Amino acid sequence: MEWNVYLSGEIHTDWREKIIAGCEEHNLPINFSSAVTNHEASDAAGDVLGKDENNFWRDHKSAKVNAIRIKTLLENSDLAVVRFGDKYKQWNAAFDAGFCAALGTPYITLHDEDIIHPLKEVDAAAMAWAQTPEQVVEVLKYTIAQK
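The working numbering puts the sequence shown at residues -12 to 134.
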């Protein structure tokens, strides 16, 4: 069986690449997907629908265009990994985690110990909390390949 794993959250580090490489190293049958990780392209996703002077409406349109991809990929995922970095507050990642919880899609949170408290509700619904991409790979390896 091929697993569909959605990688959500922080876009400023190489955590996605580490997870993908680790899973490839173990020959895990996983198809990875993600939101658009190019920040400028994501912010401009709605610009094709017409330029707006007001940033609220630009962000509103872009969020909806981005949601077409995100909603579809999350609904078709077997599992998600939701990464919270230390530099920015990833409200979109928290939203994705809540969407997974509502769908009944299991997810793993990936974040440092120093943000446990603000993420307590998000972590409470997660099936696992990892602090490194390598731990995520080990959870995926166990879940998918353990006999």
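Just so it is clear, CB atoms sit at the ideal spot from N, CA and C, and this is done for glycine as well. As the structure is a prediction and not an experimental result, all values here were calculated from the model.
With DSSP run on the structure shown, which of helix, strand or coil describes residue i?
i    : result
S21  : strand
I103 : coil
T59  : helix
T96  : strand
G9   : helix
Y75  : coil
D83  : helix
Relative to the alpha-carbon of residue i, which residue among the options has its alpha-carbon at the smallest distance?
i   : options                  : result
T96 : Q122, K74 and Y75        : Q122
F71 : A80, C10, F43 and T130   : A80
C87 : K58, D73 and D101        : K58
E62 : C10, E(-3), A132 and D83 : D83
K51 : N41, D34 and E40         : D34
For residue i, I'd like the list of residues in its chain whose CB is within less than 6 Å of its CB, leaving aside the five on either flank, ordered along the chain.
i    : result
K5   : P120
D65  : W(-10) and N(-9)
P105 : none
Can you name, in chain order, every residue of its own chain whose Cβ lies under 7 Å from the Cβ of residue i, other than the five neighbours on each side?
i    : result
W116 : T96 and D110
N53  : A22, V23, S29 and A32
V126 : I95, A115 and A117
So if DSSP puts residue i in a beta bridge, which residue, or which two residues, is it bridged to?
i     : result
S29   : Paired residues: none, contrary to the question.
N(-9) : N18
G(-4) : R70
A117  : L97
Check whether the Cβ of residue i lies closer than 6 Å to any heavy atom of the ligand ATP, and answer yes or no.
i   : result
A89 : Although the ligand ATP was asked about, the structure shown includes no ligands whatsoever.
Just checking: is the beta-carbon of residue i within a distance shorter than 7 Å of some beta-carbon in chain C?
i    : result
M114 : Checking the listed chains, one finds no chain C in this structure; it contains a single protein chain.
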